Amino acid sequence: MTEIRTPRLLLRRWHDDDLAPMADINADPQVMRWIDDGSVRDLDHTAEAIERWEEEWDEEGFGLFAVELLASGELAGFTGLSVPEFLPEVLPAVTISWQLGSQFWGQGYASEAAHATLEFALQDRGLDHIISINRVGDNASENIIRKLGMVPERETAHPVYAYPLHVHTIDLTEFQA
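Just so you know, we're using numbering that gives the first Met the number 0 here: the sequence shown kicks off at 0 and counts up by one.
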C-alpha cells in the first residue's frame, strides 16, 4: 500500500469509511465552484469517483491519494496524480490536482500534500514532467501552483464547459524536493 507521511498529513489509498466525509466535501458548493460545471455531487457519484480513482492506481501505478490529518484522523480531501483524459490536447500527460474540504483551506495542507505528491512522482514513479490544470479565476489553486514552482504552459478552454483553463508545467528534474 502506498502511503506518504508529511509533518501534518497522511496521503494514502482510499478506505470504505472515506466515502461519507468525501461526499460531504463534494456536496459543498464552495468546494465545487471551480470543478467541472460547479455542481455538487451526491454520495453515489462520490462512490463512483473513488472507485475510478482506485482503478487508476491499479492501472497506472499512481492516482489520487486520500489526505488524512495526522493529528485528528479526519479526511481532508484528496491530492494526487491522474491522466487528464478530459483534455486530449495535453496528452500524454500526468496532472497533479487537489480538492480539500473548505474547513481545511488556508492552512497550507494543499501545498504540503501537493509538494509531497510531486516528490512521489519524481522519486517513486520516475515521472519527469507534471502539469496542473485549473480554471482561470481560481486564485487559491494558482497560489499553490506557484508555490510548487510550476510555470504557465498554455491557456485553453474546457472541451465541455468552454470556460478558460490555465495549464502549468514543471520539469521534475529541476524540482526542489
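Glycine included, every Cβ here is placed at the ideal spot set by N, Cα and C. Fair warning: this is a prediction, and the values are worked out from it, not measured in the lab.
The beta strand (DSSP E) enclosing residue i, as first and last residue numbers
| i | result |
| --- | --- |
| Gln-29 | Element bounds for Gln-29: not the beta strand (DSSP E) but the alpha helix (DSSP H), 28–31. |
| Thr-172 | Where Thr-172 is concerned, there is no enclosing beta strand (DSSP E), given that its DSSP letter is neither H nor E. |
Nearest residue (CA-CA) to residue i, options the options
| i | options | result |
| --- | --- | --- |
| Trp-104 | Ala-139, Leu-74 and Leu-117 | Ala-139 |
| Val-159 | Leu-74, Gly-37, Met-21 and Phe-61 | Gly-37 |
| Ala-19 | Val-93, Leu-42 and Arg-7 | Leu-42 |
| Arg-12 | Pro-163, Thr-1, Ala-161 and Gly-72 | Thr-1 |
| Leu-10 | Glu-67, Thr-45 and Glu-59 | Glu-67 |
| Ala-70 | Glu-141, Phe-77, Thr-5 and Gly-79 | Thr-5 |
| Ile-34 | Glu-173, Glu-73 and Asp-137 | Asp-137 |
| Val-93 | Ile-49, Gly-76, Pro-163 and Phe-119 | Phe-119 |
| Thr-116 | Glu-88, His-167, Gly-100 and Ile-95 | Ile-95 |
| His-14 | Pro-83, Glu-173 and Gly-76 | Gly-76 |
| Pro-87 | Val-166, Thr-172, Glu-58 and Phe-174 | Val-166 |
| Glu-73 | Leu-80, Glu-59 and Asp-23 | Asp-23 |
Three-state class that DSSP yields for residue i in the structure shown
| i | result |
| --- | --- |
| Pro-6 | coil |
| Ile-143 | helix |
| Thr-155 | strand |
| Glu-58 | helix |
| Leu-69 | coil |
Chain C contact for residue i (CB, 8 Å cutoff)
| i | result |
| --- | --- |
| Glu-73 | Among the chains of the structure shown, chain C does not appear; only one protein chain is present. |
For residue j and residue i, the rounded distance between their alpha carbons
| i | j | result |
| --- | --- | --- |
| Ser-110 | Asn-133 | 15 Å |
| Tyr-108 | Arg-7 | 8 Å |
| Leu-147 | Trp-52 | 23 Å |
| Ala-26 | Phe-64 | 19 Å |
| Ile-130 | Asp-16 | 30 Å |
| His-114 | Leu-121 | 11 Å |
| Gly-125 | Trp-56 | 15 Å |
| Ala-112 | Thr-78 | 6 Å |
| Glu-154 | Asp-127 | 22 Å |
| Asp-170 | Ile-143 | 16 Å |
| Val-39 | Glu-84 | 21 Å |
| Pro-151 | Ser-81 | 19 Å |
Near the ligand GTP: residue i beta-carbon under 7 Å from a heavy atom
| i | result |
| --- | --- |
| Val-159 | The ligand GTP is absent from the structure shown, which contains no ligands of any kind. |
To test your reading of the DSSP string, which unbroken alpha helix (DSSP H) runs of 4 or more residues are found completely within the segment 81–136? 108–118
Would you list, in sequence order, the uninterrupted alpha helix (DSSP H) runs of no fewer than 4 residues that lie entirely inside the segment 13–55? 18–25 and 28–31
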